[in-house]
Amino acid sequence: MPIKIPDSLPATAVLESENIFVMTEYRAIHQDIRPLNVLILNLMPTKIITEIQMLRKLSNTPLQVQVEFLKTASYQPRHVDARHLESFYTTFDQVKERKFDGMIITGAPLEFIPFEEVDYWKELCNIMEWTKTHVHSTLHSCWGAFAGLYYHYGIPKYALDKKLFGVFPHTMEKKTSPLFRGMDDIFYAPHSRATCFHDEDIRKIPKLEPMAVSEQAGISIIKTVDSRQFFMTCHPEYDADTLAKEYARDVEKGLDIALPENYFPENNPKKEPIVRWRSTGQLIFSNWLNYYVYQSTPYNLDTVQEM
């Protein structure tokens with residue numbers, strides 16, 4: 005949350021120049037407060053694990069956040085109890101007349117399937133189109149980022165020669181961005197994917213702004229210039245053992261999988277992984293929620309503007 009100080013305090017300019025969020029008395033007095041309404045389209049087969057990961061990050065803020073989970077109606081997941089979905093999830097038809105402050109579209113294990121051949125692609129396209137008029141800021145994660153970049157901007161995905169698997173250093177292209185407030189100049193984040201996009205495809209679109217880049221992973225965080233859409237191919241929400249479980253699963257299946265890079269001490273999978281990204285995940289999600297949702301969303305959600 006911001007610090008509130010007198011309008012004319014000399015320290016204001018200094019603090020703002022250091023990328024510290026300052027709220028003047030005038031702005032504080034004129035703020036209306038209400039819970040933020042955030043919708044999460046959970047496309048992962050491990051629904052409960054993803055729920056926990058996302059809620060953990062969204063809860064690291066004093067803001068009141070009302071979260072709802074969305075499921076696809078055109079495809080029924082096979083790896084989760086139907087009663088769980090019935091109890092805690094809604095469908096697009098049930099929310100399409102409403103507006104939301106923020107939305108998260110998660111990843112899905114669909115890397116090698118052409119987008120148009122995904123069972124629920126048409127439904128997902130309808131949802132992504134709807135976000136342009138009914139959601140103030142949408143965060144697309146992993147496969148959700150590839151899907152969003154393809155749908156909104158026609159950016160194709162390409163197969164990698166080998167799976168990008170591990171925890172990699174990233175640098176910021178715009179250190180003064182509110183998204184990176186409180187973060188170190190170099191931050192680490194996990195990746196686990198077998199596809200990529202070409203960085204030049206991102207940079208040639210004026211509406212897209214590369215935010216963070218990795219030598220190994222390429223551009224990993226992108227947003228639109230108006231901050232209404234975010235695309236993140238890394239996984240700062242991952243638990244400490246997420247990559248370890250993926251590695252053990254693939255080994256058990258007999259797949260040719262390399263150890264995740266920069267993860268196990270001494271590259272020994274019997275040792276407990278080193279977590280280098282926990283604070284990064286907390287800050288990225290908290291900063292997105294605070295600066296790009298809470299601070300700019302209209303108090304009356306009915307006035308959310310079309311992109």
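Per the working numbering, numbering through the sequence shown is continuous, rising by one, with the last residue being 311. Yeah, the Cβ is synthetic: ideal placement off N, Cα and C, and Gly gets one too.
Is residue i helix, strand or coil when you go by DSSP?
i, result
"Thr-142", "strand"
"Lys-51", "helix"
"Gln-309", "coil"
"Val-229", "coil"
"Pro-240", "coil"
"Pro-394", "Lying outside 5 to 311, the shown extent of the chain, residue 394 is not represented and no answer is given."
"Arg-197", "strand"
"Leu-212", "strand"
"Pro-173", "strand"
"Phe-150", "helix"
"Ser-224", "strand"
"Phe-289", "helix"
"Ile-190", "strand"
"Lys-126", "helix"
"Lys-249", "helix"
"Leu-164", "strand"
"Ile-206", "helix"
"Met-5", "Low per-residue confidence applies at Met-5: pLDDT is 47, beneath 50, and the placement is therefore not dependable, though the value from the model is reported in the following sentence. Note: Met-5 maps to coil in three-state DSSP."
"Val-42", "strand"
"Glu-265", "strand"
"Val-279", "coil"
"Ser-21", "helix"
Taking buried to mean at least 16 other C-beta atoms within 10 Å of its own C-beta, is residue i buried or exposed?
i, result
"Ile-190", "exposed"
"Leu-259", "exposed"
"Ala-112", "buried"
"Lys-161", "buried"
"Ala-252", "exposed"
"Tyr-296", "buried"
"Met-5", "At Met-5 the pLDDT is 47, less than 50, meaning the model places this residue with poor confidence and gives no usable figure here."
"Ser-91", "exposed"
"Pro-66", "exposed"
"Arg-87", "exposed"
"Val-255", "exposed"
"Gln-309", "exposed"
"Pro-302", "exposed"
"Ala-17", "exposed"
"Thr-307", "exposed"
"Ser-196", "buried"
"Val-229", "exposed"
"Phe-116", "exposed"
"Asp-188", "exposed"
"Asp-105", "buried"
Below 7 Å between beta carbons: does that hold for residue i and residue j?
i, j, result
"Thr-50", "Ala-193", "no"
"Gly-148", "Thr-94", "no"
"Lys-103", "His-138", "yes"
"Val-69", "Val-42", "yes"
"Pro-210", "Ile-226", "no"
"Leu-114", "Leu-74", "no"
"Phe-235", "Leu-164", "no"
"Ala-244", "Pro-277", "yes"
"Gly-186", "Leu-287", "yes"
"Tyr-298", "Leu-40", "yes"
"Pro-264", "Leu-247", "yes"
"Phe-201", "Ile-159", "yes"
"Asp-203", "Ile-223", "yes"
"Ile-157", "Cys-129", "Before going further, note that residue 157 is Tyr rather than Ile in the sequence given. Cβ atoms of Tyr-157 and Cys-129: not closer than 7 Å."
"Met-312", "Arg-232", "Residue 312 lies beyond the stretch modelled for the chain, which goes from 5 to 311, so this question has no answer here."
"Phe-96", "Ile-131", "yes"
Just checking: is the beta-carbon of residue i within a distance shorter than 7 Å of some beta-carbon in chain C?
i, result
"His-83", "The displayed structure is made up of one protein chain only, and chain C is not part of it."
> Contact between the segment 155 to 174 and the segment 206 to 224: three or more CB pairs below 8 Å?
Replying inline: By the Cβ criterion, the segment 155 to 174 is in contact with the segment 206 to 224, since at least three pairs of Cβ atoms, one from each stretch, lie closer than 8 Å.
> Between the segment 176 to 195 and the segment 290 to 304, do at least 3 Cβ pairs fall closer than 8 Å?
Replying inline: Contact holds: three or more Cβ-Cβ distances are below 8 Å.
> Is it a yes or a no for the segment 72 to 79 touching the segment 137 to 146, going by three-plus beta-carbon pairs under 8 Å?
Replying inline: Touching, no.
> Does the pairing of the segment 260 to 279 with the segment 229 to 240 give three or more beta-carbon distances under 8 Å?
Replying inline: Verdict: no, contact absent.
> Which parts of the segment 68 to 124 are runs of the alpha helix (DSSP H), unbroken and 4 residues or longer, counting only runs that do not cross its ends?
Replying inline: DSSP runs (the alpha helix (DSSP H)) wholly in the segment 68 to 124: 86 to 92 and 96 to 99.
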